[in-house]
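A.B. asks: Pasting a structure here, questions to come.
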Amino acid sequence: MKTTEEILTLAREIAGAWDWTTEVTQPEPNRLDVLLRNPADLVAIVTALRVKRLGYLAAITGLDLGAGELEALYHFCAGEVVITLRVRLNGRETAVASLSELIPSAEPFERELREMYGVNIIGLPSPDYLYLPDDWPAGVYPMRQDFDPQVLSRKT
Amino acid sequence: MQTDTQRERFTIPIGPQHPALKEPGHFRFSVDGEIVTGATVRLGYAHRGLEKLAEKQNWVQNIYLFERVCGICSHTHATAYCLGVERLAGVIAPPRAQAIRTLVCELERIHSHLLWLGVSAHEAGFDTLFMYSWRDRETVMDLLEALTGNRVNYSVNVLGGVKVDVTEEIAQAIYKGLDFLEERTHHYLQVVSSDASFLQRARGVGVMTRQQAEVMGVVGPTARASGVTRDIRIEAPYAAYADFPPQVIVDERGDLEARFVVRLKELLESYRLVREILARLPEGELTVRMPRRIKSGETVSRVEAPRGELFYFLKSNGTDTPVRVHARTPTICNMTSVVRLAVGHQLADVPLILAGIDPCFSCNDR
């Protein structure tokens, strides 16, 4: 078992490596926040965490920042430490690569992110909805800020 | 969440109405004769949009909202939420409040594990064990009612503390109830590891190795029954768990029998913890003052629910309503293992494999 300090140091080393540009902050003593400048670095940085056996993927949180900007937060937990990789997706078109090949347990989290926020996740094996019903209107994402429940009662 | 080992021959839909358990979920199993060759799952039949609703309610109203994510582990949800909000506000609940939270967490674990024991015994065709374990569960339900006023949704937590106190009279009732339950649990432990017909349903069935458990990301007793020593109560102690540390119960075997043994041994550990908390309950206030507006920021709150790690992400913008409350419940992590473990098993084993993870559809749908 690594100590909290060792985990934080190791995570800082990985986040600050030359291969990617990140912005690292420590909002709480047990949390490390890593903002990825380029969403394409996600798989490489997660691979680096896996190689060092640093934590497990605990959750993926979607956030709608407003003005068409979405954010996906990948929380990795190791002991009491939570390392959060933040991927900012500007514009509605942006896509992010799936982690499910690397981490099979990511699949349900990614499917939820896709259904609820409309983040296009490339390489996700199943095209079906996990939570939403089959007749859910296309292009309507319930967790986005501009979601209007009225669209559900309108007959098309 | 899909597994297909060979070409589909025949597909059997199970659910969405009550697939084994009294909660909705939809499974499709492709079978070759009696053997399962692939499985998919569809959820969302109990989706209530609680995370969306949380963005419209204030911080206090949300306690009651998130307590209703789940009818079995309501207190763990409220505890995770309250601890997170208190951390955002920079407030720490008094020691007596933290100890009472921990006490109710453990009483809830006792009722949840006994409930699970009954459900799983029923799925294994052992209805006598089901009836007895649910009769015994009433003991802890009565204790929870005496302590909090409710059998479910106890509403113990408020922001900044708790609203119920433990009197000497209730403490004595809890001691008495636990003595009875402890004796019964020892008996059940003996039954599940010796009854011949039960063992045919459980021993060597649904085996998940430690490596598989880690790859599939399972949590809680399901993971601990496969030798993964992970328990949030010890890894990242919350509430009063730093003062009252539990022992991690691990079993290396990874089959259904191990999942029974781990949960029953966890019951014994919970009885010990509850007694210890009652014996050393700190004196003092039950609440501290909380601001109505919560400082802007983000935080993560993790607790060990009866089913495993419960993960809350909270974001505030400095107002009296949250920007985002995200609850990742343990069942969603464990559900992947059902569709994978089912492959290669008899279709008749599937209900017990599903029940083995102690699924809560209401939790994973939110």
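Order-wise, the sequence lines are chains A and B. Per our numbering, the first sequence starts with residue 25, numbered consecutively. Per our numbering, the second sequence starts with residue 1077, numbered consecutively. Heads up, the beta-carbon is just placed ideally off N, CA and C, and yes, glycines get one too.
DSSP three-state label for Glu-1182 (chain B), please.
C.D. replies: Glu-1182 (chain B) falls in the helix class under three-state DSSP.
A.B. asks: Check the C-beta distance from Thr-1412 (chain B) over to Pro-151 (chain A) and give it rounded, since I have them as a contact under 8 angstroms.
C.D. replies: In fact, because the Cβ distance is near 18 angstroms, the residues do not count as touching under 8 angstroms.
A.B. asks: Where does Thr-1204 (chain B) land, buried or exposed, given buried means 16+ other C-beta within 10 angstroms?
C.D. replies: Exposed is the call here.
A.B. asks: Just to confirm my understanding: we take His-1094 (chain B), look at its own chain, exclude 5 residues before and 5 after, and list those with CB closer than 8 angstroms. What are they?
C.D. replies: Pro-1100
A.B. asks: Could you tell me whether the Cβ atoms of Tyr-1264 (chain B) and His-1151 (chain B) are closer together than 7 angstroms?
C.D. replies: No; because the gap between Cβ atoms is not below 7 angstroms, this pair is not in contact.
A.B. asks: What are the boundary residues of the alpha helix (DSSP H) that Ser-1106 (chain B) is part of?
C.D. replies: Ser-1106 (chain B) -> not in any alpha helix (DSSP H); beta strand (DSSP E) instead, spanning 1102-1108.
A.B. asks: Between which residues of its own chain and Thr-1285 (chain B) is the CB-CB distance below 7 angstroms, once the five residues before and five after are set aside?
C.D. replies: Ser-1302 and Gly-1330
A.B. asks: Using the Cβ count rule (16 or more neighbours within 10 Å means buried), how would you classify His-1402 (chain B)?
C.D. replies: Using a 10 angstroms sphere on the CB of His-1402 (chain B), the tally of other CB atoms reaches 16 or more, which defines it as buried.
A.B. asks: What number of angstroms, rounded off, separates the C-alpha of Thr-1116 (chain B) from the C-alpha of Ile-1090 (chain B)?
C.D. replies: 10 angstroms
A.B. asks: Does any residue of chain B have a CB that is nearer than 7 angstroms to the CB of Pro-132 (chain A)?
C.D. replies: yes
A.B. asks: Of all the CB atoms in chain B, is at least one closer than 7 angstroms to the CB of Gly-40 (chain A)?
C.D. replies: no
A.B. asks: Quick check: Tyr-1388 (chain B) and Ala-1154 (chain B), are their CB atoms within less than 7 angstroms of each other?
C.D. replies: no
A.B. asks: Which whole-angstrom value is the C-beta distance of Glu-1342 (chain B) and His-1189 (chain B), which I expect to be below 8 angstroms?
C.D. replies: 6 angstroms
A.B. asks: Assess, as a yes-or-no matter, whether the stretch 1374-1394 of chain B is touched by the stretch 1293-1301 of chain B under the definition of 3 or more beta carbon pairs within less than 8 angstroms.
C.D. replies: yes
A.B. asks: Figure out for me which residue from A:Ile-38, A:Glu-37 and A:His-99 has the closest Cα to the Cα of Glu-1374 (chain B).
C.D. replies: Checking every option, the nearest Cα to that of Glu-1374 (chain B) belongs to A:His-99.
A.B. asks: Determine the burial state of Ser-1273 (chain B): buried for a count of at least 16 other Cβ atoms within 10 Å of its Cβ, exposed for fewer.
C.D. replies: exposed
A.B. asks: Beta-carbon separation of Cys-1158 (chain B) and Asn-1226 (chain B) under 7 angstroms?
C.D. replies: In terms of Cβ geometry, Cys-1158 (chain B) and Asn-1226 (chain B) do not form a close pair [threshold 7 angstroms].
A.B. asks: Are the stretch 57-65 of chain A and the stretch 96-110 of chain A touching by the rule of at least three beta carbon pairs closer than 8 angstroms?
C.D. replies: yes
A.B. asks: Tell me whether Phe-1446 (chain B) sits in a helix, a strand or coil according to DSSP, three-state version.
C.D. replies: As shown, chain B starts at 1077 and ends at 1442. That puts residue 1446 (chain B) outside it, with no answer to give.
A.B. asks: Mind pulling the chain B residues with CB within less than 7 angstroms of Ser-129 (chain A)?
C.D. replies: Residues of chain B passing the Cβ test: Met-1292, Gly-1293, Cys-1409 and Thr-1412.
A.B. asks: Residue range of the beta strand (DSSP E) that Gln-50 (chain A) falls in?
C.D. replies: Element bounds for Gln-50 (chain A): 46-52.
A.B. asks: Chain A partners of Val-1376 (chain B), CB-CB under 7 angstroms?
C.D. replies: Arg-55, His-99 and Val-106
A.B. asks: Does the stretch 167-178 of chain A come close enough to the stretch 76-91 of chain A that 3 or more CB-CB pairs lie under 8 angstroms?
C.D. replies: yes
A.B. asks: Compute the Euclidean distance between the alpha carbons of Ala-1318 (chain B) and Arg-1172 (chain B), then round it to the nearest angstrom.
C.D. replies: 14 angstroms
A.B. asks: Contact defined as beta carbons within less than 8 angstroms: I believe Ser-1438 (chain B) pairs with Ile-1186 (chain B). What is the distance between those atoms, to the nearest angstrom?
C.D. replies: No, Ser-1438 (chain B) and Ile-1186 (chain B) are not in contact; Cβ-Cβ is about 20 angstroms, not under 8 angstroms.
A.B. asks: Mind checking which residues open and close the beta strand (DSSP E) that includes Tyr-98 (chain A)?
C.D. replies: 93-102
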